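Sequence lines, in order, name chains E and D. Residue numbers 40 to 369, in my numbering, belong to the letters of the first sequence in order. Residue numbers 40 to 369, in my numbering, belong to the letters of the second sequence in order. For each residue, glycine too, the CB sits at the ideal point set by N, CA and C. Nothing here was measured: the structure is a model prediction, and the numbers come from that model. Notes follow the structure.
Number of protein chains: 2
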Amino acid sequence: MLLRDLGEWELLRRLAAFAPPGQFNDDAALLNARSGRQLVVNTDVLVEGVHFSDRTMGPADLGWRAAAANLSDLAAMGCTSVAGITVALVAPGTTAWSWVEGVYAGLLDALEPHGAVILGGDCSSGSERLLSITALGQVAAGEAIRRCDGHPGDWLVSTGPHGLSRLGLALLQNELEAAVTAGLSPELQQRAIRAHQRPVPRLDAVAALHRSRPGGLAWRVGGTDSSDGLVAAVAAIAATSGCGAVLERSHLPIDPELAQLTTGERWCLGGGEDFELVLALAPAWAEALLAALPDARRIGSLVEAKPGLVCWQENGQPLTAAESGFSHFR
Amino acid sequence: MLLRDLGEWELLRRLAAFAPPGQFNDDAALLNARSGRQLVVNTDVLVEGVHFSDRTMGPADLGWRAAAANLSDLAAMGCTSVAGITVALVAPGTTAWSWVEGVYAGLLDALEPHGAVILGGDCSSGSERLLSITALGQVAAGEAIRRCDGHPGDWLVSTGPHGLSRLGLALLQNELEAAVTAGLSPELQQRAIRAHQRPVPRLDAVAALHRSRPGGLAWRVGGTDSSDGLVAAVAAIAATSGCGAVLERSHLPIDPELAQLTTGERWCLGGGEDFELVLALAPAWAEALLAALPDARRIGSLVEAKPGLVCWQENGQPLTAAESGFSHFR
């Protein structure tokens, strides 16, 4: 069944079945807002050939990933609840309905654990497939995570390992030499592919942040997610917080097996799309968070230095621009 | 200057200049929500070759139109205030910065009269240019306009003329025979082209609706905007309200000069993209609204009939499917 066979109205009717009853009935969606809360809204677009391809991701993976990437941005803002998403879908008329169905099923799979729903959206024909998603969430007033809220002396904490998503992509694209791939444990290969296809937005880490906050400490959390890469995340926090950062090379959040690959460290630093949180916290809070989140690791500190400068703690050398993430349009 | 020359970060930096200071600094935007209000969110996507082309619209017109189309959906929900929009921009690396700059200038022009701002967004390379916009607005709790809130006996009111946008498109595309175009007054031609390139979201009509509400009458307004065409709007209200509709052929909201064209009535009924509101109101409220809004016109009534059936009042004949709007993917 092709979209050109269904027509727009039938397509919308089928899509509406994925949303709460009546949700698609109006021109726009209604949400209840409560006082003492701030609304958080985020938009991300995923384009075929740029962010995804049939070679590396099935439609359900794509849907999951699209929703997860948006929810990761909400987590990076400190959201404690997610209302839902709107979805703009563009695809050629020759696209199979089953592909769209798979995408929406994947979206729902990613939303459900967080009590979030598809709020509405739009669709259009176009020469290439893409998804543009806007996610809406809430954060208690005064308890947001901002990139600019880091201070020199803060510990930098990563909520999980980095480089796995890039390894997963490499495996899916057969980038590695056969001997290298054969040397990797099946367990790591599976974990890497899952990290690429089904990243988990770290809303749980926001909850852990609340639980682990030491009594008497005011809310102040610098942070962002690592969708553009670990170094890019650290640099963004440092730059907007008006300070520098040092990373401990011996404490990189990298899987020991991945660290053996020639490209391992580079993928950890700049592979991108791991969707972990990178946080700048007062040391006491950071220590409590590390105790509460087993996969979290201290990776360095914010320091008095040229804003945005990221150096190795061990030798003071700046990390090279090659470690930064992907740039569109180049 | 091309986007591939700027690179993503420089592009984002330039885009940020169109938003309030610091608005693009974080992963997502913060909005204050107030109690007693409902948040309204709407997403629309505009694709080159489908919704716009360089032949019929400059970049500033495109930006205006993209924002206006979204704000029109907020008006159709009864929004009394608009917070702003998020913008996902996809374009090939060969796109000129001046084109993007023009689009964002047009977006701002459309937002400013409503006190709305660009809240955030995303951008990506892609083979065709497109905009996906999400608009956020507020409506007082219990005072939304819903498609399903019409009742048999309601008057159907159009807030303005229909078919002008389609005439404007025809003029821009040189669809009409030269003799036909020559027979149209320059004033109408200008008005039609402006209706196509710079549609005005009818948020003023929502204000008029509030002002004209007769004392003692509870809030109940069925309605939608006519972006998909006049008949499509009437049919949508009727279908979701569980009733039928009759249209008075002698009272169509059409410019007298346009009515002389062979295609005039068809464009009025199904041309689409006029972005007026089509409302179903208790007769007393409708009369008061007509007095308050000079361009508004009573076009018919909701009636007990098969849900969604739209007939001519004069002879009871159903309007044909040919009058309905554009369908994607066909």
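Where does the unbroken alpha helix (DSSP H) through Gln-229/E begin, and where does it stop?
By 1-based counting over the first sequence, the position of residue 229/E is 190. Note, Gln-229/E: alpha helix (DSSP H), 225 to 236.
Residue-chain proximity (Thr-359/E, chain D), Cβ-Cβ < 9 Å
Position 320 of the first sequence holds residue 359/E. Closer than 9 Å: no.
Helix, strand or coil, according to DSSP, for Cys-282/D in the structure here?
Stepping through the second sequence from its first residue, residue 282/D is reached at position 243. The answer is coil: DSSP assigns Cys-282/D none of H, G, I, E or B.
Under 7 Å between beta-carbons, which chain E residues line up against Thr-82/D? List them in chain order, please.
If you number the second sequence from 1, residue 82/D lands on position 43. Per Cβ cutoff of 7 Å: Thr-125, Ala-127, Gly-159, Gly-160, Asp-161, Thr-173.
Would you tell me roughly how many angstroms separate the C-alpha atoms of Ala-209/D and Ser-340/D, rounded to the nearest one?
For the purposes of this step, residue 209/D is taken as residue 170 along the second sequence, with counting starting at 1. For the purposes of this step, residue 340/D is taken as residue 301 along the second sequence, with counting starting at 1. For Ala-209/D and Ser-340/D, the distance between alpha carbons rounds to 31 Å.
Specify, as a first and last residue, the run of the beta strand (DSSP E) that Val-178/E falls within.
Counting from one through the first sequence, the residue named residue 178/E turns up at place 139. 169 to 179 is the span of the beta strand (DSSP E), which, as asked, contains Val-178/E.
Whether Gly-145/E touches Leu-203/E by CB criterion (9 Å):
Taking the first sequence and counting its residues from 1, the one referred to as residue 145/E is at position 106. Taking the first sequence and counting its residues from 1, the one referred to as residue 203/E is at position 164. Cβ distance not < 9 Å, so Gly-145/E and Leu-203/E don't count as in contact.
Minimum Cβ-Cβ distance from His-90/E to chain D less than 9 Å:
Here residue 90/E is taken as the residue at index 51 of the first sequence, counted from 1. Yes - at least one Cβ of chain D is within 9 Å of the one on His-90/E.
What does a CB cutoff of less than 7 Å around Pro-253/D pick up in its chain, not counting 5 residues either side in sequence?
Counted from its first residue, the second sequence places residue 253/D at position 214. So the list reads Ala-323, Trp-324, Ala-327, once near-sequence residues are dropped.
Which residue marks the beginning of the alpha helix (DSSP H) containing Asn-354/D, and which one marks its end?
Along the second sequence, read from residue 1 onward, the residue named residue 354/D stands at position 315. Where Asn-354/D is concerned, there is no enclosing alpha helix (DSSP H), given that its DSSP letter is neither H nor E.
Quick one, which of Gly-261/E, Thr-125/E, Leu-308/E has its alpha-carbon nearest Arg-186/E's?
Along the first sequence, read from residue 1 onward, the residue named residue 186/E stands at position 147. Checked all of Gly-261/E, Thr-125/E, Leu-308/E; the closest Cα to Arg-186/E is Gly-261/E.
Leaving out five residues before and five after Ala-246/D in sequence, what residues of the same chain have Cβ atoms less than 8 Å from its Cβ?
The count along the second sequence starts at 1 and reaches residue 246/D at position 207. Result list for Ala-246/D: Thr-119, in chain order.
Strictly under 9 Å for the Cβ-Cβ distance: is Gly-303/E near chain D by that measure?
Sequence index remark: in the first sequence, residue 303/E carries index 264 (1-based). Closer than 9 Å: no.
Just list the alpha helix (DSSP H) runs in the segment 134 to 222 of chain E, keeping only unbroken ones of 4 residues or longer that don't cross its boundaries, in chain order.
136 to 150, 203 to 211, 217 to 222
Could you give the residue range of the alpha helix (DSSP H) that holds Asp-112/E?
Walking along the first sequence from the start, residue 112/E turns up at place 73. That run of the alpha helix (DSSP H) goes 98 to 115.
Could you tell me which of Gly-123/E, Leu-248/E, Glu-214/E, Phe-314/E sits nearest to Ala-271/E, measuring between CA atoms?
Numbered from 1 along the first sequence, position 232 holds the residue referred to as residue 271/E. That would be Phe-314/E, whose Cα lies nearest to the Cα of Ala-271/E.
Leu-248/E versus Ala-275/E - alpha carbon distance:
The residue given as residue 248/E occupies position 209 in the first sequence. The residue given as residue 275/E occupies position 236 in the first sequence. Each residue's Cα considered, the two are about 20 Å apart.
Give every residue of the same chain whose Cβ lies closer than 6 Å to the Cβ of Ala-183/E, excluding the five residues on either side of it in the sequence, and list them in chain order.
Your numbering for residue 183/E matches position 144 in the first sequence. Correct list, in chain order: Met-116, Gly-117.
From Leu-297/E, Leu-358/E, Trp-138/E, Arg-104/E, residue whose alpha carbon lies closest to that of Asp-148/E:
For the purposes of this step, residue 148/E is taken as residue 109 along the first sequence, with counting starting at 1. Of the listed residues, the one whose Cα sits closest to Asp-148/E is Arg-104/E.
Of all the options Arg-336/D, Asp-44/D, Leu-316/D, which has the alpha carbon lying nearest to the alpha carbon of Pro-238/D?
In the second sequence, counting from the first residue as 1, residue 238/D sits at position 199. That would be Leu-316/D, whose Cα lies nearest to the Cα of Pro-238/D.
Given 8 Å, three or more beta-carbon pairs between the segment 286 to 294 of chain D and the segment 340 to 352 of chain D:
yes
Cα-Cα separation between Arg-94/D and Gly-141/D, rounded to whole angstroms:
In the second sequence, residue 94/D corresponds to position 55, counting from 1. In the second sequence, residue 141/D corresponds to position 102, counting from 1. Cα-Cα distance, rounded: 15 Å.
For Ala-218/D, which option in Ala-344/D, Leu-300/D, Gln-77/D has the closest C-alpha, if you only look at C-alpha atoms?
Walking along the second sequence from the start, residue 218/D turns up at place 179. Nearest C-alpha to Ala-218/D: Leu-300/D.
Can you give me the C-alpha to C-alpha distance between Ser-224/D and Asp-83/D, rounded to a whole angstrom?
Your numbering for residue 224/D matches position 185 in the second sequence. Your numbering for residue 83/D matches position 44 in the second sequence. In a straight line, the C-alpha of Ser-224/D is about 34 Å away from that of Asp-83/D.
Would DSSP call Val-79/D helix, strand or coil?
Position 40 of the second sequence holds residue 79/D. Correct three-state label for Val-79/D: strand.
Could you tell me whether any non-hydrogen atom of the ligand SAM is closer than 8 Å to the CB of Ala-344/E?
The ligand SAM is not part of the structure shown, which contains no ligands of any sort.
Is it the case that the Cβ atoms of Val-342/D and Pro-152/D are separated by a distance below 9 Å?
As a working mapping, residue 342/D is identified with position 303 in the second sequence. As a working mapping, residue 152/D is identified with position 113 in the second sequence. Contact flag unset, no.
In chain order, what residues of the same chain have a beta carbon less than 8 Å from the beta carbon of Ala-114/D, not counting five sequence neighbours either side?
Position 75 of the second sequence holds residue 114/D. Within the same chain, Ala-114/D has close Cβ partners Pro-240, Arg-241, Leu-242, Ala-244, Val-245, Asp-264, Leu-316.
Going along the segment 304 to 331 of chain D in order, which residues come within less than 7 Å of chain E, judged by CB to CB distance?
none
To the nearest angstrom, how far is the alpha carbon of Cys-307/D from that of Ser-171/E?
As a first step, residue 307/D is located in the second sequence; it is residue number 268 there, counting from the start. As a first step, residue 171/E is located in the first sequence; it is residue number 132 there, counting from the start. So the alpha carbons of these two residues sit roughly 32 Å apart.
Residue-level contact to chain D via CB, Ser-166/E, 9 Å cutoff:
In the first sequence, the residue the question calls residue 166/E occupies position 127. At least one chain D Cβ lies under 9 Å of Ser-166/E.
Compare the C-beta of Leu-147/E with all C-beta atoms of chain D and state if any pair is closer than 9 Å.
Start at 1 with the first residue of the first sequence, and residue 147/E comes out as number 108. No, Leu-147/E lies away from the interface with chain D (no Cβ there is under 9 Å from its Cβ).
Short of 7 Å Cβ to Cβ, which residues in the segment 272 to 302 of chain D face chain E?
Thr-279
Tell me, please, whether the CB atom of Leu-348/E is closer than 9 Å to any CB atom in chain D?
By one-based count along the first sequence, residue 348/E stands at place 309. No, no contact with chain D.
Is the CB-CB distance between Arg-205/E and Gly-311/E below 9 Å?
As a position in the first sequence, residue 205/E is number 166, starting the count at 1. As a position in the first sequence, residue 311/E is number 272, starting the count at 1. A contact, by the Cβ cut-off of 9 Å.
Rounded to a whole number of angstroms, what is the C-alpha to C-alpha distance between Asp-294/E and Ser-163/E?
The residue given as residue 294/E occupies position 255 in the first sequence. The residue given as residue 163/E occupies position 124 in the first sequence. Roughly 42 Å separates the two Cα atoms.
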